[in-house]
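Protein chains in written order, with full-length UniProt numbering: chain A, 1 to 305; chain B, 1 to 292. Virtual Cβ for every residue (Gly too), placed ideally from N, Cα, C.
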Amino acid sequence: MSIVTDPARPIAVPEESGTAKPRRRGSFGFNSISPTEKVVRYLLLVFVLLITIGPFLWQLSTSLKGSGEDIYTRIPRLLPAQPTLSHYGEVADTIPVWDYMKNSLLVAVLVVGGNIVGSSLAGFALSRLEFRFRRIVLGLFLATLVLPGEVTIISQYVTVRELGLANTLFGVALPGMIGALNVLLMFNAFRSLPIEVDQAAVVDGANVWQRFVYIGLPSVRGTISVVAIFAFIGAWDDFLWPLIVLTDPDKYTLTVGLQYLSGTFSNNPRLIAAGTMIAFIPIVIVFAVCQRFFFKGVEEGAVKG
Amino acid sequence: MKYHRWFTPWVLIVPALAWLLVFNLWPSVNTVILSFTNARPIGGGTFVGLKNFETLLHDEQLRYALLNSVIYMVVCLPFLTIFPLLLAVLVEKKLPGITFFRTAFYTPVVASAVVVALIWQWILDDRGLVNGLAEKLGVISGPLPFLSDQWLLLLSAISLTIWKGLGYYMIIYLAALGNVGRELHEAAAVDGASAFRRFVNVTIPGVRGTMVLISILISVSALRVFSELFILSGGKGGPGGRDNSVVMLIQQYSQGFEGNLGYASALSIVLFFVTVVPMLVLARLNRKGAEA
């Protein structure tokens, strides 16, 4: 095993990196990395890269292969011999994939919006304000984490049905619009601000709302982006809950629609591949754009404990 | 000094608290209530006493589902506690382009389980990538029935879950590695400890708490598996429904004319108790380990 642990945390302590770098370069200390180790590390990285994104590339390739091309060859060809986008059009002709995308997007936007607003308000109150039963309320949020969502999914459905929201997209979005975990994440983020800042603001005559907007929110942006990204991915990728709530095919979200597609075209891998790529590419773009905030937020949370 | 009026915090909390009550706490109570009824997906139901629980005892499908869940958990646990840690150690070092690798390793986590399962369905197909390559290499003479054999299907779904989980647990470990004392590593290195020894004697003890947490997460999510098995088996749960998971059974009873929300709720209660067990066991192991 040639893997070496590097306990230095350049990202977690940004101020340090500027001053520490020149010193490290000069010395052959603990943090220097030999050329051999570098090569081995990159080889391992590329190996894992093939394992993790290889299947996606294979699917992308299948979706682009022309109808005349043999996709069952024993020697797999990653590059299509007759590249075509026609399967993407075909998918859209047979299932209303753009409507499904709109449905998924609507649900995701509702869930993201609800979580940002709801959990930051509650997290702020729980960490920065004093009131009776604060600990009990906090305990309630903690307690729900123990319960896997699938355990309550049937009675959640009954609740949504009694609200008259069965078979609606709003019904799909509603239960996830404020997650207990997100409330706790925001609670943790707000709690790490020094209380003196709040006290100074109170002396200056700031009310709760002003402290929330001008002091609280700006300093928890990292956690808010983590909440937003996770909420978006969760809503976009969810399958079981929309499958239970929705019965009309024209209200399906992308994941449920895809499963429908695979049932209809089980013998045409090119079409299914195109369908999966339509569901996959948007989320990858969202993630690629946000990954900077995401990894920063994750480390931020870790440092604060 | 008075910071705010007494009701101000409540105004901020009410939305979240309402959600908690309506969509978490009440459904937990209602699951128990429903499990004593024969409520239907459409329309109401009546009280049937312990009938659902009696049926559970003789439910052959449930027995298979529980067996599958246990196998799932036992196989996933070692792979998903070790590999992601190795990955985290690999991507922890700042190298040019490391952000790209971290992001790429996380991609399977971001993708929907449905998308991932459909991709693997194609790869594991009788005429798919794996069988094609294996036949070309002469390892097998005919295609392996990854998607139609009871055990191969289960194994395929397990592999898929492990593959999809690597990046997720890698990130948790990555955050934890930041808290492993750098001084300890330096001291060990000065004392001439090899990279491997430092991994075993410094890194692993340093992330021990995280490891326990991750084992709990893995166990619970293995017992909750749904999409992978559902999609890979084409929604049918494998030959004779022998590849169902508990959640798949719950979903099956949630719809249609044959649906029975009361029975689905009784199954949910089984799921609850099944998922509580690994949590208790691991929490206990952790306490013992901390004392030793």
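Just to confirm before moving on: does the CB-CB distance between residue i and residue j stay below 8 Å?
i         : j         : result
Leu155(B) : Ala117(B) : no
Leu80(B)  : Tyr173(B) : no
Ser233(B) : Thr255(A) : no
Gly262(B) : Leu34(B)  : yes
Val107(A) : Ala173(A) : yes
Phe90(B)  : Arg41(A)  : It is Leu, not Phe, that sits at residue 90(B) in the sequence shown. Yes.
Ile216(B) : Pro278(B) : yes
Ala180(A) : Asn24(B)  : yes
Leu249(B) : Leu66(B)  : no
Ala189(B) : Arg182(B) : no
Ser155(A) : Thr37(B)  : no
Val137(A) : Ile214(B) : no
Gly206(B) : Val247(B) : no
Ile285(A) : Tyr88(A)  : no
Pro41(B)  : Ser268(B) : no
Ser127(A) : Arg221(A) : no
Pro9(B)   : Phe131(A) : yes
So residue i packs on residue j, CB below 8 Å; how close in whole Å?
i         : j         : result
Gly238(B) : Gln150(B) : 6 Å
Phe56(A)  : Thr203(B) : Actually they do not touch by this definition, with Cβ atoms about 30 Å apart.
Met177(A) : Val111(A) : 6 Å
Gly297(A) : Thr223(A) : 6 Å
Ala222(B) : Leu56(B)  : Wrong, their Cβ atoms sit about 21 Å apart, outside the cutoff.
Leu20(B)  : Leu140(A) : 6 Å
Pro242(A) : Tyr260(A) : The Cβ separation is near 12 Å, so there is no contact.
Ala273(A) : Thr62(A)  : 4 Å
Pro76(A)  : Leu129(B) : 6 Å
Arg270(A) : Lys65(A)  : 6 Å
Ser227(B) : Leu77(B)  : So it is not a contact: roughly 20 Å between Cβ atoms.
Ser245(B) : Ser69(B)  : 6 Å
Quick one: what does DSSP say residue i is sitting in, helix, strand or coil?
i         : result
Ala47(B)  : For the sequence presented, residue 47(B) should be read as Phe rather than Ala. Strand at Phe47(B).
Thr36(A)  : helix
Pro83(A)  : strand
Thr37(B)  : strand
Lys65(A)  : strand
Leu246(A) : coil
Ile178(A) : coil
Gly297(A) : helix
Trp122(B) : helix
Tyr253(B) : coil
Phe226(B) : coil
Asn286(B) : helix
Leu78(A)  : coil
Tyr252(A) : coil
Arg161(A) : helix
Arg292(A) : helix
Trp6(B)   : coil
Lys136(B) : helix
Phe235(B) : For the record, residue 235(B) in the displayed sequence is Gly; it is not Phe. Looking at Gly235(B) - three-state DSSP - the assignment turns out to be coil, as it is neither helix nor strand.
Pro96(A)  : coil
Gln138(A) : One detail in the question is off: residue 138(A) reads as Leu in this sequence, not Gln. Reduced to three states, the DSSP call for Leu138(A) is helix.
Val207(B) : coil
Ser219(B) : helix
Gly123(A) : helix
Pro282(A) : helix
Gly29(A)  : The predicted model places Gly29(A) with a pLDDT of 49, which falls under 50 and marks its position as unreliable; any figure quoted below should be read in that light. Reduced to three states, the DSSP call for Gly29(A) is coil.
Val146(A) : coil
**Item:** Segments of 4+ residues assigned as alpha helix (DSSP H) that fall wholly inside the segment 141 to 187 of chain B
**Value:** 150 to 177
**Request:** Inspect the CB distances between the segment 216 to 233 of chain B and the segment 118 to 137 of chain B and report whether three or more fall short of 8 Å.
**Result:** yes
**Message:** If we require 3 or more residues per run, which beta strand (DSSP E) segments fall completely within the segment 64 to 120 of chain B?
**Reply:** none
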